[in-house]
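*Asks:* Dropping the structure in here first, questions after.
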Amino acid sequence: MNDSQLSVDASARASTAEIPIFEARRISKSYGHVEALIDTNFEVRRGEVVGLLGDNGAGKSTLIKILSGVVQPDSGEFFREGRSVDISTRKKSEEDGGIQTIYQDIALVKSMSIMRNIFAGREPTNALGFMRVKEMRSTAMEILDEYVRIAGITSPNILVEELSGGQAQAVAIARAVHFKRDILLLDEPTSALSVRETEKVLNIMRELADAGVSCVFVTHNLYHAFRVCDRFSILAHGQNVRDCKKSETSLNELTDIIMTH
Amino acid sequence: MSETGANFLPGRYKHEHDDTVLQRLKRYPAINIVVIYGLFLVGLAIWTIASRGEFAFFTSLNLSVLAQQIPITAIVAVGVGLLMVSGEFDISVAATFTFAAFIAATLLHEMGWPLAVAFTAGILCGTIIGAINAWITCWLGIPSFIATIGMMFFGRGLVRWISINPATNLPDSAKFFPNEGFKAALTGQLAGPVFAQLIWLIAVAYAGHLILNRHRLGNHMFSAGGNAEAARGVGVRVRRVKLLAFMICGATAAFSGILQATRISEIEPSYVVISGLELKAIAAVVVGGVALAGGRGTILGMVLGAALIDTVDNVLVLASAPEILFKGFLGAIIILAVIVNSVLGRRQES
Chain E
314 MNDSQLSVDA SARASTAEIP IFEARRISKS YGHVEALIDT NFEVRRGEVV GLLGDNGAGK
374 STLIKILSGV VQPDSGEFFR EGRSVDISTR KKSEEDGGIQ TIYQDIALVK SMSIMRNIFA
434 GREPTNALGF MRVKEMRSTA MEILDEYVRI AGITSPNILV EELSGGQAQA VAIARAVHFK
494 RDILLLDEPT SALSVRETEK VLNIMRELAD AGVSCVFVTH NLYHAFRVCD RFSILAHGQN
554 VRDCKKSETS LNELTDIIMT H
Chain W
1362 MSETGANFLP GRYKHEHDDT VLQRLKRYPA INIVVIYGLF LVGLAIWTIA SRGEFAFFTS
1422 LNLSVLAQQI PITAIVAVGV GLLMVSGEFD ISVAATFTFA AFIAATLLHE MGWPLAVAFT
1482 AGILCGTIIG AINAWITCWL GIPSFIATIG MMFFGRGLVR WISINPATNL PDSAKFFPNE
1542 GFKAALTGQL AGPVFAQLIW LIAVAYAGHL ILNRHRLGNH MFSAGGNAEA ARGVGVRVRR
1602 VKLLAFMICG ATAAFSGILQ ATRISEIEPS YVVISGLELK AIAAVVVGGV ALAGGRGTIL
1662 GMVLGAALID TVDNVLVLAS APEILFKGFL GAIIILAVIV NSVLGRRQES
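Structure follows, in structure tokens:
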């Protein structure tokens, strides 16, 4: 499937009311002579897990940075539910684009408690800037109980550094979900986790998607991607090389596509 | 998928009392210093008894000396501590302390300004020095350790300049005689060994506690110091947070300098060097459990840390130990803190 077919598909869907929750169209970005992305398209529909796949240097990280608002594309457009949006800063990406990026290492401040982390940058305060600590505590507890039900964490005062990698990842996800983002962009969320913890994080993604929160799963690990994704978007050399549903492909085919490009 | 939550991981934190001692200490880092200072006082009590009262620590005279000295150091330590929580150092506090007092004294006596204006100008002066430190550190990207060492020497120059006596062409101490009401309000004796500066320390400490634990700014300080990149990621304006922290640090140093000048009715230019206040403040906050790299600390720890440092100083004087011993002790405390910090940090990595 090439670029023009993708755009045609997109407009066809728009007319049949199945508008993607978020869409990036014809994104290009060069670093000097290196073309990191060339007319790349990317879309996310409500309640799906999309695997953003590709080998090193395929343009995945550039696309993530653009989607999270930390890098500006040279050209291209973004649409949220069909309406054009500006995601040129981290804040705009979150608030206008509805995208919450969870980076592997820097999602949380390890020396702070779970509660302080959950509300960092968005503390509920009174007019003088004093935090509503009671409200924060009960909301934090609610978040921990409700969204990912992280067993064992009984107090929002636990420091993040005391958590395992998977627990911390779950807290970061819970925070993003609580603040009502449509889309979670997870950059290699499983690469530092044990097998057991990986299972849990994959399950959380699946649960979230079933509850209507879309996830973009960026990974090198095709097994992980194939377990949890509804759709795959594969990049190579900065271009879309394949965009397909899980039912239309197989693990072997995905491997082949990435290997041969 | 129902298993997702129920046992996300085997319950390591079912109950808080299951936590190891180390974990609890990290969550409440002031416990260390409470224990250390408590044991130290017990040790001094034993020493006093063993010496049959020869060792004059628990005398009303000595306790009142301490009660007047500790708040001066502790107020500076609260400012330095808040800044360190935010991830930066200030080595220039002794210079700020002295310069602000000189400004207040000069404006009051030589320029004939009203006391309230002279006082405010002194505090403002410290705040501006803090803002300049912040600008060099956060906007020009110079590490605060270096930037504020530069400011320390610049501040020493300013003190020399403002304290020059035209008649002798040598630096001279400045007299500071504010009116009696002001003096009583800042440093008056209330009852026994309780002086007004203790009330000011409590006020500053409480304000620091409100900032750190009840205000948005505190949350931003912890995140900026703990992991600046993650803080930026959630929309914390790290430079602005550090600017405020530097300004608070400058203001507390200036306030403390004016307290000191009020207490002894003069301010000496040599104080910038002989006080060792910058090292005392840093030693105080690190023994008080503030992480050198930022992101961790409590007000109680900073205040008790300052109390411990001043008490040790006092005990060494009582024991007629040479002055150099105290400086050595400060140095050793800081080096020890660096070691502990990096060992803990390395353990964190693995």
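Residue numbers (our numbering), protein chains in the order written: chain E, 314 to 574; chain W, 1362 to 1711.
All C-beta atoms in this analysis are idealised placements derived from N, C-alpha and C, irrespective of residue type, glycine included.
Less than 8 Å between CB atoms is the rule here; does SER1703/W satisfy it with respect to chain E?
*Replies:* One-based indexing of the second sequence puts residue 1703/W at position 342. So no, SER1703/W is outside the interface.
*Asks:* Give the straight-line distance between the Cα atoms of GLY1662/W and GLY1656/W, rounded to the nearest whole angstrom.
*Replies:* Locating residue 1662/W in the second sequence gives position 301, counting from the first residue. Locating residue 1656/W in the second sequence gives position 295, counting from the first residue. Their backbone Cα atoms lie some 14 Å apart in a straight line.
*Asks:* Quick check for students: name the residue ranges of the alpha helix (DSSP H) that lie wholly in the segment 404-482 of chain E, counting only runs of 4 or more.
*Replies:* 427-432 and 446-459
*Asks:* Are the CB atoms of PRO437/E and MET454/E within a distance shorter than 8 Å?
*Replies:* Taking the first sequence and counting its residues from 1, the one referred to as residue 454/E is at position 141. Taking the first sequence and counting its residues from 1, the one referred to as residue 437/E is at position 124. Their beta carbons are not under 8 Å apart, which means MET454/E does not touch PRO437/E by this criterion.
*Asks:* Below 8 Å CB to CB, which residues in the same chain sit around TYR1398/W once its five sequence neighbours on both sides are set aside?
*Replies:* Position 37 of the second sequence, counted from the start, is the residue given in the question as residue 1398/W. For TYR1398/W, where only same-chain residues beyond five positions count, the Cβ hits under 8 Å are LEU1665, ALA1668, LEU1669 and THR1672.
*Asks:* Does any CB atom of chain W fall closer than 8 Å to the CB of ALA505/E?
*Replies:* Position 192 of the first sequence, counted from the start, is the residue given in the question as residue 505/E. Not an interface residue.
*Asks:* According to DSSP, is PRO1532/W helix, strand or coil?
*Replies:* Counting from one through the second sequence, the residue named residue 1532/W turns up at place 171. Reduced to three states, the DSSP call for PRO1532/W is strand.
*Asks:* Put VAL529/E into one of helix, strand or coil per three-state DSSP.
*Replies:* Position 216 of the first sequence, counted from the first residue, corresponds to residue 529/E. Reduced to three states, the DSSP call for VAL529/E is strand.
*Asks:* How would you call LYS342/E, buried or exposed, if buried means at least 16 neighbouring beta carbons within 10 angstroms?
*Replies:* As a first step, residue 342/E must be located in the first sequence, where it is residue number 29. Looking at its Cβ environment, which holds 16 or more other Cβ atoms inside 10 Å, LYS342/E is buried.
*Asks:* Can you tell which of THR1459/W, ILE1696/W, LEU1519/W and ALA1592/W has the C-alpha that lies nearest to the C-alpha of ALA1614/W?
*Replies:* Along the second sequence, one-based indexing puts residue 1614/W at 253. Of the listed residues, the one whose Cα sits closest to ALA1614/W is THR1459/W.
*Asks:* If you measure beta-carbon to beta-carbon, which residues of the segment 434-450 of chain E are closer than 9 Å to chain W?
*Replies:* GLY434, ARG435, GLU436, THR438, LEU441, GLY442, PHE443, MET444 and VAL446
*Asks:* Are the segment 1468-1475 of chain W and the segment 1583-1603 of chain W touching, with three or more C-beta to C-beta distances below 8 Å?
*Replies:* no
*Asks:* Output, in chain order, the set of chain W residues within a Cβ distance shorter than 8 Å of LYS558/E.
*Replies:* Translated into the one-based positions of the first sequence, residue 558/E becomes position 245. Going along chain W, no residue has its Cβ under 8 Å from LYS558/E, so there is no contact; the nearest lies around 20 Å.
*Asks:* Strictly below 7 Å CB to CB, what residues from chain E border SER1716/W?
*Replies:* With chain W covering 1362 to 1711 only, the question about residue 1716/W has no answer from this structure.
*Asks:* Can you list the residues of chain E that LEU1578/W reaches, using a CB-CB cut of under 9 Å?
*Replies:* Reading the second sequence from its first residue, position 217 is the one you call residue 1578/W. Residues of chain E passing the Cβ test: GLY442.
*Asks:* Verify the CB distance criterion: does ALA1652/W have a CB-CB separation below 8 Å to chain E?
*Replies:* By 1-based counting over the second sequence, the position of residue 1652/W is 291. Yes, ALA1652/W lies at the interface with chain E (some Cβ there is under 8 Å from its Cβ).
*Asks:* Using CA atoms only, rank isn't needed, just tell me which of PRO1539/W, VAL1676/W, GLU1449/W and LEU1424/W is closest to ILE1619/W.
*Replies:* Residue 1619/W sits at position 258 when you count from the first residue of the second sequence. Here the closest residue by C-alpha is PRO1539/W.
*Asks:* Given ASN1393/W, which residues of its chain have a CB within under 6 Å of its CB, disregarding the five upstream and five downstream residues?
*Replies:* Locating residue 1393/W in the second sequence gives position 32, where the first residue counts as 1. Excluding positions up to five away in sequence, the list reads GLY1650.
*Asks:* Quick one: Cα of ASP556/E to Cα of PHE492/E, how far?
*Replies:* Within the first sequence, residue 556/E is the residue found at index 243, counting from 1. Within the first sequence, residue 492/E is the residue found at index 179, counting from 1. Those two C-alpha atoms are separated by around 29 Å.
*Asks:* State the DSSP-derived secondary structure class of LEU366/E, mapped to helix, strand or coil.
*Replies:* Here residue 366/E corresponds to residue number 53 of the first sequence, with the count starting at 1. The answer is strand: DSSP assigns LEU366/E an E or B state.
*Asks:* Strictly below 8 Å CB to CB, what residues from chain E border VAL1595/W?
*Replies:* The sequence position of residue 1595/W within the second sequence is 234, counting from 1. Near VAL1595/W (Cβ distances below 8 Å), the residues of chain E are ALA433, GLY434 and ARG435.
*Asks:* Distance cutoff 8 Å, beta carbons only. Does ARG358/E sit that close to anything in chain W?
*Replies:* Reading the first sequence from its first residue, position 45 is the one you call residue 358/E. It does not; no Cβ of chain W falls within 8 Å.
*Asks:* What are the start and end residues of the alpha helix (DSSP H) that includes LEU1559/W?
*Replies:* Locating residue 1559/W in the second sequence gives position 198, where the first residue counts as 1. Run containing LEU1559/W: 1557-1570, per the alpha helix (DSSP H) assignment.
*Asks:* Checking the sheet assignment: what are the DSSP bridge partners for SER388/E?
*Replies:* Your numbering for residue 388/E matches position 75 in the first sequence. SER388/E is bridged to SER341/E.
*Asks:* Which class does ASN534/E belong to by DSSP, given the choice of helix, strand or coil?
*Replies:* The residue given as residue 534/E occupies position 221 in the first sequence. Three-state result, ASN534/E: coil.
*Asks:* Could you confirm whether any beta carbon from chain E is found closer than 8 Å to the beta carbon of ASN1359/W?
*Replies:* This structure cannot settle anything about residue 1359/W, because the visible part of chain W is limited to 1362 through 1711.
*Asks:* Can you tell me whether HIS1576/W is helix, strand or coil according to DSSP?
*Replies:* Residue numbering aside, residue 1576/W sits at position 215 when the second sequence is read from its first letter. Strand.
*Asks:* Which residues in the same chain have their Cβ closer than 6 Å to the Cβ of LEU1453/W, if we skip the five residues on either side of it in sequence?
*Replies:* Taking the first residue of the second sequence as position 1, residue 1453/W is located at position 92. Note that residue 1453/W corresponds to Ser in the displayed sequence, not to Leu. THR1509, MET1512, MET1513 and GLY1516, listed in sequence order.
*Asks:* Looking at chain E, is there any beta carbon in it that lies within less than 8 Å of the beta carbon of ALA1612/W?
*Replies:* Working through the second sequence from its first residue, we reach residue 1612/W at position 251. No, ALA1612/W does not count as interfacial toward chain E.
*Asks:* State the Cα-Cα distance for the pair ALA1456/W and LYS447/E, rounded to the nearest angstrom.
*Replies:* Your numbering for residue 1456/W matches position 95 in the second sequence. Your numbering for residue 447/E matches position 134 in the first sequence. Answer to the nearest angstrom: the Cα atoms are 41 Å apart.
*Asks:* Cα-Cα, which of ARG1413/W, LEU1485/W, ALA1435/W and PHE1418/W is closest to GLN1558/W?
*Replies:* To locate residue 1558/W, count along the second sequence from 1; it is residue 197. Considering only alpha carbons, the answer is ALA1435/W.
*Asks:* Smallest Cα separation from PRO1504/W: which of ILE1525/W, MET1445/W and GLY1542/W?
*Replies:* Mapped onto the second sequence, residue 1504/W falls at position 143. That would be MET1445/W, whose Cα lies nearest to the Cα of PRO1504/W.
*Asks:* Taking 8 Å as the cut-off, decide whether the C-beta atoms of THR503/E and THR532/E are in contact.
*Replies:* Position 190 of the first sequence, counted from the start, is the residue given in the question as residue 503/E. Position 219 of the first sequence, counted from the start, is the residue given in the question as residue 532/E. In contact: THR503/E and THR532/E (Cβ atoms closer than 8 Å).
*Asks:* Near ALA1592/W, what residues of its chain come up, given a Cβ to Cβ distance below 6 Å and the 5 sequence neighbours on each side ignored?
*Replies:* Here residue 1592/W refers to the residue found at position 231 of the second sequence. If we look at ALA1592/W and ignore the five residues flanking it on each side, its Cβ neighbours are SER1584, ALA1585 and VAL1599.
*Asks:* So for ASP322/E, helix, strand or coil by DSSP?
*Replies:* By 1-based counting over the first sequence, the position of residue 322/E is 9. The predicted model places ASP322/E with a pLDDT of 48, which falls under 50 and marks its position as unreliable, so this point remains unresolved.
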